[in-house]
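> Could you have a look at this structure, given as structure tokens, before my questions?
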Amino acid sequence: MIIPIASDHAGFEAKEKVKKILEELGHMPVDFGTHSDDSVDYPDFAVQVAEKVDDGEHNKGILICGTGQGMCMTANKYKNVRAALVYDDDSARLSREHNNANIMCLPGRQLDDNQLKKFIATWLDTSFDGGRHERRVNKIHDLTDKN
Ligand code: RB5
């Protein structure tokens, strides 16, 4: 799968690792920056990936900052985006099974290499459960349409 990925300076080091992990898993990361640990503003990079998922060009994306929070908040401004903060294996699995998350936001400064590998593999391998969860996810999108 082609997977757009971006980070700010606080997520830069983790992003470089995540690109290798994705390749090892047989995916093709497309890197939208940032390209160093010089200070930048996370919304400028979140939008690069969020736009690609929002317009359907790509099904899934990955965003990384220090905590994952700012990336998540920014990406969720887009109508068709369901960005989830992934911080352990349960949040990786359940954000797919229950929330059909299409962007994974990672706290780059808080995860070691093994955690990154495990959470990414889980998130990419887990399908949406549908059923009652579909009804709930649709209610999120109804709000986007109304407000
Ligand atoms: C940058 O220092 C930091 O605020 C950012 O990476 C992120 O954690 C914001 O949510």
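Quick note: the sequence shown uses the numbering used here, first residue 1136, plus one each step.
By construction, the Cβ of each residue, glycine as well, lies at the ideal position given by its N, Cα and C atoms.
Please read all numbers here as calculations on a predicted model, not as lab measurements.
Could you check whether the Cβ of Thr1202 sits closer than 7 Å to any heavy atom belonging to ligand 1?
yes
> Over the uninterrupted beta strand (DSSP E) stretch that includes Leu1198, give me the two end residues.
Gly1196 to Cys1200
> If contacts are defined as beta-carbon pairs under 8 Å, then Gly1201 and Pro1242 qualify, I think. What distance do you get, rounded to the angstrom?
Confirmed, about 7 Å.
> Given this structure, state the Cα-to-Cα distance separating Glu1269 from Ser1171, to the nearest angstrom.
39 Å
> Do Leu1220 and Cys1339 count as a contact pair if the criterion is CB distance below 8 Å?
Lying outside 1136 to 1282, the shown extent of the chain, residue 1339 is not represented and no answer is given.
> Give me, in chain order, the residues of the same chain whose beta-carbon lies closer than 7 Å to that of Asp1173; leave out the 5 immediate sequence neighbours on both sides.
Counting only Cβ-Cβ distances below 7 Å, and skipping sequence neighbours, we find His1144.
> Considering only residues of the stretch 1171-1245, which uninterrupted beta strand (DSSP E) runs meet the minimum length of 3 residues and lie entirely inside it, listed in chain order?
1196-1200, 1218-1220 and 1238-1242
> Would you mind giving the Cβ-Cβ distance between Leu1198 and Val1184, rounded to the nearest angstrom? I have them listed as a contact below 8 Å.
6 Å
> Can you give me the start and stop residues for the beta strand (DSSP E) that Ala1141 sits inside?
Ile1137 to Ser1142
> Would you decide whether Arg1231 is buried or exposed? Buried here means 16 or more other CB atoms lie within 10 Å of its CB.
Buried: at least 16 other Cβ atoms inside 10 Å.
> For Phe1254, which option in Ile1156, Pro1139 and Asn1235 has the closest C-alpha, if you only look at C-alpha atoms?
The candidate whose alpha carbon is nearest that of Phe1254 is Ile1156.
> May I have the straight-line CA-CA distance separating His1162 from Gly1265, to the nearest angstrom?
Taking the straight line joining both Cα atoms gives about 25 Å.
> Decide yes or no for the touch test of the stretch 1243-1252 against the stretch 1204-1216: beta carbon pairs closer than 8 Å, at least 3 of them.
no
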